[in-house]
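Residue numbers (this note's numbering): 206 to 276.
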């Protein structure tokens with residue numbers, strides 16, 4: 206159970222950051238602020254949040270595959 210809790214806690218944190226980055230970009234699009242330094246910062250934040258989520262899920266899939274191979 207602790208491993209599931211660790212997974213859920215980490216997944217939640219990563220998804221909160223990904224959601225926040227998307228919300229920020231959506232607000233900027235609706236305000237027609239899609240250029241300049243603030244836009245670059247927002248897109249970089251989103252890109253990094255997505256990569257963190259992707260890497261987390263990929264590592265989880267790799268761990269699940271190796272457990273399956275052991276059994």
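Beta carbons: idealized from backbone N, C-alpha and C, even for Gly.
Review point. For the stretch 206–218 against the stretch 233–247, are there 3 or more C-beta pairs whose distance is under 8 Å?
Key: no
Point to revise | DSSP-derived helix/strand/coil call for residue 262 | key: Here residue 262 corresponds to residue number 57 of the chain shown, with the count starting at 1. Residue 262: helix per DSSP, three-state reduction.
Check your understanding: What's the gap between the Cα of residue 222 and the Cα of residue 254?
Key -> Here residue 222 refers to the residue found at position 17 of the chain shown. Here residue 254 refers to the residue found at position 49 of the chain shown. Going by the C-alpha atoms only, they are around 6 Å apart.
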